[in-house]
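Okay, structure first, notes after.
Protein chains: 2
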Amino acid sequence: MANAYAALDSLAALGDPTRRAIFERVAARPSAVGELARGLPVSRPAVSQHLRVLKQARLVRETRAGTRRIYHLDPRGIAAMRDWLEAHWAAALDAFRNFADTQTNQEKPK
Amino acid sequence: MANAYAALDSLAALGDPTRRAIFERVAARPSAVGELARGLPVSRPAVSQHLRVLKQARLVRETRAGTRRIYHLDPRGIAAMRDWLEAHWAAALDAFRNFADTQTNQEKPK
DNA sequence: CATAAGCGTTAGCCATGACTTACCGTAAGT
DNA sequence: ACTTACGGTAAGTCATGGCTAACGCTTATG
């Protein structure tokens, strides 16, 4: 169940708002560390530490270009989250229908 | 705008492993608070507090049945996460292709 | 009315982790 | 070789939040 753990890591990683901001910037365009730090209210080492977490969660990958590291998205982490979420999405609908059946008294329709 | 924040709340809420455990149990079957607490290594008030966070994130909803509160899934939070993730899933693939192109050119942005 | 069951809430403790400063390694330019 | 730019790492501080114990409210049952 290594995939399941990867999905959990992704969720935990994106739980932090600063990491979400970094993730969305990297999603918009592959960027270097200093470049990301300049557009955020935190220091460069903080960005570096966040990128390490995102990397461990398989959400980003780095490519060295001279002294710079270009970070871009890693589809693996997103795919793991996507699979995890789709499974529970199906369960949510099932449970909801099941619950709605036993509640068919005064429930207002959409 | 409200939807975007809802998606972020969902991600933050599921970032905690205990909340994920509670969420998955509720997803499997609508349950009462004490019932959930008995199957988890934390106290009942802890479960209650986690359920409050999950409720604010639109991931669960409660229904009163006598003195008990039955918690079941709320599709809204999952749908918000799903939409957010699908958007970045598409961006991930785009950025990935885009990155592959600039790799052959050795261009540096900005 | 009295008792019990089921939960939410509060107060407080404590561990996790997010952040900064300082430092060191590496690669490119002069 | 020296200097500059870029970024990962270490150490230490501080706030966030997850947890428990204690309390009170509400509803069912005798």
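Line by line, the protein sequences are chains F and L.
Using the numbering used here, you'd call the opening residue of the first sequence number 1 and step up by one each time.
Using the numbering used here, you'd call the opening residue of the second sequence number 1001 and step up by one each time.
Don't be surprised by glycine CBs; every beta carbon is placed ideally from N, CA and C.
Report task. Select from F/Leu11, F/Trp89, F/Arg38, F/Thr18 the residue whose C-alpha is nearest the C-alpha of L/Arg1020. Result -> For the residues F/Leu11, F/Trp89, F/Arg38, F/Thr18, the minimum Cα distance to L/Arg1020 belongs to F/Leu11.
**Report entry** Where L/Leu1014 falls: helix, strand or coil (DSSP)
**Finding:** When DSSP states are grouped into helix, strand and coil, L/Leu1014 belongs to the coil group.
Requested in this report: Please report the Cβ distance between F/Ser43 and F/Val33, rounded to the nearest whole angstrom; I am assuming they are in contact, meaning their Cβ atoms lie under 8 Å.
Outcome: Not a contact, Cβ separation roughly 11 Å.
Requested in this report: Count the other C-beta atoms from every protein chain shown that fall within 10 angstroms of the C-beta of L/Pro1045, then say buried if there are 16 or more, exposed otherwise.
Outcome: By the 10 Å Cβ count, L/Pro1045 comes out exposed.
Requested in this report: Could you tell me if the beta carbon of L/Pro1017 falls within a distance shorter than 8 Å of some heavy atom in the ligand MN?
Outcome: Questions concerning the ligand MN fall outside what the structure shown contains, since it holds no ligand whatsoever.
**Report entry** Residues near F/Ile22 by beta carbon distance below 8 Å, same chain, minus five either side
**Finding:** Only Leu36, Leu40, Val47, His50, Leu51, Leu54 meet the Cβ criterion.
Query raised in the report: Are the C-beta atoms of F/Ile22 and some chain L residue less than 9 Å apart?
Result: Closer than 9 Å: no.
**Report entry** C-beta neighbour in chain F for L/Glu1086, strict 9 Å
**Finding:** Yes, its Cβ sits closer than 9 Å to a Cβ of chain F.
Requested in this report: Output the distance between the C-alpha atoms of L/Arg1025 and F/Ser31, rounded to the nearest integer angstrom.
Outcome: L/Arg1025 and F/Ser31 have their C-alpha atoms some 39 Å from each other.
Query raised in the report: Which same chain residues, not among the five before or five after F/Arg68, have their C-beta less than 7 Å away from its C-beta?
Result: Result list for F/Arg68: Ala32, in chain order.
Query raised in the report: Span of the beta strand (DSSP E) holding F/Arg61?
Result: In the DSSP assignment, F/Arg61 falls within the beta strand (DSSP E) that extends over 60-65.
Query raised in the report: Name the DSSP bridge partner or partners of L/Ala1028?
Result: The secondary-structure analysis by DSSP pairs L/Ala1028 with nothing; it has no beta-bridge partner.
Query - Rounded straight-line distance, which links the Cα of F/Asp83 to that of F/Arg61 - result: Spanning the two alpha carbons is a distance of roughly 20 Å.
Query raised in the report: Within this structure, are the beta carbons of F/Leu73 and L/Ala1028 separated by less than 9 Å?
Result: No, the pair does not count as a contact, with Cβ atoms beyond the cut-off.
Query raised in the report: Can you list, in chain order, the residues of its chain whose CB lies under 7 Å from that of F/Ala13, leaving out five sequence neighbours each side?
Result: A distance below 7 Å between beta-carbons, with the five flanking residues on each side excluded, links F/Ala13 to the following residues of its chain, in chain order: Arg19, Val53, Leu54, Ala57, Leu59.
Report task. Would you kindly work out how many angstroms separate the C-alpha atoms of L/Arg1064 and F/Arg38, rounded to a whole number? Result -> The alpha-carbon atoms of L/Arg1064 and F/Arg38 are separated by roughly 50 Å.
Query raised in the report: Using the rule of at least 16 other Cβ atoms within 10 Å of the residue's Cβ for burial, across every protein chain shown, is F/Gly77 buried or exposed?
Result: A residue is called buried when at least 16 other Cβ atoms come within 10 angstroms of its Cβ; F/Gly77 meets this threshold and is buried.
Report task. Provide the residue span of the beta strand (DSSP E) that contains F/Leu73, from first to last. Result -> 68-73 is the extent of the beta strand (DSSP E) around F/Leu73.
Report task. Could you tell me whether any Cβ in chain L is nearer than 9 Å to the Cβ of F/Arg82? Result -> Chain L contact via Cβ: present.
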